[in-house]
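Structural data, given as structure tokens:
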């Protein structure tokens, strides 16, 4: 799992590549929470274009960041979700909480 940040004003785009699973979430959670605390963004966009797999731990990571941002008045959005990941998000109900954008 690789990821990188791009910040413009109150918006952070986090581009992921690879699998978001139990192993990668250990690092991702700490890094993302640190960036959110440091930057206090109004919007965070997870660019999922290069994500090949998301497991239940990855779903928890996404929903946890949603809760953290929502509590601070921010919003989380998911962008460029590939079909195999989109199916997991639709089935699990992620889109009922986190907005999917283009």
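Numbering (the working numbering), first residue to last: 41 to 142.
Built from N, CA and C at the ideal position, the CB exists for glycine as well.
As the structure is a computational prediction, the values presented were derived from the model and not from experiment.
Considering only the alpha carbon of each residue, which of the options lies closest to residue i?
{"i": "residue 141", "options": "84, 98, 73", "result": "84"}
{"i": "residue 59", "options": "131, 87, 92, 71", "result": "92"}
{"i": "residue 131", "options": "78, 107, 95, 109", "result": "95"}
Express the C-alpha separation of residue j and residue i in angstroms, rounding to a whole number.
{"i": "residue 81", "j": "residue 104", "result": "16 Å"}
{"i": "residue 45", "j": "residue 56", "result": "9 Å"}
{"i": "residue 125", "j": "residue 71", "result": "22 Å"}
{"i": "residue 99", "j": "residue 78", "result": "23 Å"}
{"i": "residue 42", "j": "residue 48", "result": "20 Å"}
{"i": "residue 107", "j": "residue 86", "result": "14 Å"}
{"i": "residue 68", "j": "residue 89", "result": "17 Å"}
{"i": "residue 115", "j": "residue 129", "result": "17 Å"}
Answer with buried or exposed for residue i, where buried requires no fewer than 16 other C-beta atoms within 10 angstroms of its C-beta.
{"i": "residue 50", "result": "exposed"}
{"i": "residue 137", "result": "exposed"}
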